[in-house]
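Residues in the sequence shown are numbered from 1 upward in steps of one, following the UniProt record's numbering.
In this text, a Cβ means the ideal position worked out from N, Cα and C, and glycines have one as well.
Presented below is the structure to which this report refers.
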Amino acid sequence: MGKKKVVGNDGKQYIVKEKKPFYKKIWFWIVVILLIGGVGSGLTEEDTAKDTEPDIDQLGEPDKDDATLLDEPTDEPKTETSTPERTSPAQTEDNSLPTEHRSALKKAESYAKTMKMSKQGVYDQLTSEYGEQFSAEAAQYAIENLSIDWNKNALASAESYAKTMKMSKAGIYEQLISEHGEQFTPEEAQYAIENVAADWNKNALETAKNYQDTMSMSPEAIRDQLTSDYGEKFTPEEAEYAIQNLNN
Numbered sequence: 001m002g003k004k005k006v007v008g009n010d011g012k013q014y015i016v017k018e019k020k021p022f023y024k025k026i027w028f029w030i031v032v033i034l035l036i037g038g039v040g041s042g043l044t045e046e047d048t049a050k051d052t053e054p055d056i057d058q059l060g061e062p063d064k065d066d067a068t069l070l071d072e073p074t075d076e077p078k079t080e081t082s083t084p085e086r087t088s089p090a091q092t093e094d095n096s097l098p099t100e101h102r103s104a105l106k107k108a109e110s111y112a113k114t115m116k117m118s119k120q121g122v123y124d125q126l127t128s129e130y131g132e133q134f135s136a137e138a139a140q141y142a143i144e145n146l147s148i149d150w151n152k153n154a155l156a157s158a159e160s161y162a163k164t165m166k167m168s169k170a171g172i173y174e175q176l177i178s179e180h181g182e183q184f185t186p187e188e189a190q191y192a193i194e195n196v197a198a199d200w201n202k203n204a205l206e207t208a209k210n211y212q213d214t215m216s217m218s219p220e221a222i223r224d225q226l227t228s229d230y231g232e233k234f235t236p237e238e239a240e241y242a243i244q245n246l247n248n
């Protein structure tokens, strides 16, 4: 995320992290290469049963002397005939789908399962001119046929922000629901925040040290930055812990 300075309602300057559009995030440039297996294109079934009935005209009429013998039942081997396999309705329905729809679904599964994206995030990535450029219809089909636990994806994203970017609880929640961020629903984001395992005091301290080392800010300026709504959104208690342990 880039940073810029803004003036808050209190007249102080704060450093604000600018949220990147989804197509400019780091993960966007990590190309997920999928080996899409070839889709079978209507293999025809071969007929396995042939007519084994003899031509009656070639047999001719039996002699009278043999009539009795012909009337007696004979144990002739029966010819077994096999019936062609029937295609299930599901197979027929799947094969009738446009190739674009099937491809969109595979891409959607990859983004949702490997990159832990939200439903809206996946849809935007599928239709974006900077992304996969699928049609809206194909993308909608993919979204409707995904079997994904979106709460679990939100939690995975929250854990990543907490561990790698040392963000605050409130900061992560905002990032999860932001239209410029992950675009999870408020319910999914709330689930993530309630279940993420993070030491928020430690995150506040790591963030404070970063401001001190890279921007040479004073302790009080760091405190304001940590607690500001324009800044990191840590609680006053978390910010106090960070300031007290800044030089440890």
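Counted within 10 angstroms of its Cβ, other Cβ atoms place residue i as buried (16 or more) or exposed
| i | result |
| --- | --- |
| residue 164 | exposed |
| residue 216 | exposed |
| residue 161 | buried |
| residue 132 | buried |
| residue 124 | buried |
| residue 248 | exposed |
| residue 195 | exposed |
| residue 95 | exposed |
| residue 191 | buried |
Under 9 Å between C-beta atoms of residue i and residue j
| i | j | result |
| --- | --- | --- |
| residue 105 | residue 146 | yes |
| residue 239 | residue 193 | no |
| residue 232 | residue 181 | no |
| residue 118 | residue 183 | yes |
| residue 148 | residue 107 | no |
| residue 150 | residue 188 | yes |
| residue 208 | residue 243 | yes |
| residue 211 | residue 225 | yes |
| residue 227 | residue 219 | no |
| residue 234 | residue 168 | yes |
| residue 130 | residue 122 | no |
Closer than 8 Å: residue i CB and nearest the ligand PLP heavy atom
| i | result |
| --- | --- |
| residue 204 | For the structure depicted, the ligand PLP is absent and the ligand set is empty, with no information on it obtainable. |
Run of the alpha helix (DSSP H) containing residue i, from where it starts to where it stops
| i | result |
| --- | --- |
| residue 171 | 169 to 177 |
| residue 226 | 219 to 227 |
| residue 143 | 136 to 144 |
| residue 251 | With the chain covering 1 to 248 only, the question about residue 251 has no answer from this structure. |
| residue 104 | 99 to 114 |
| residue 157 | 150 to 164 |
| residue 187 | 186 to 195 |
| residue 204 | 200 to 215 |
| residue 238 | 236 to 244 |
Problem set entry | Touching by the beta-carbon criterion (3+ pairs, under 8 Å), the segment 132 to 144 and the segment 198 to 215 | no
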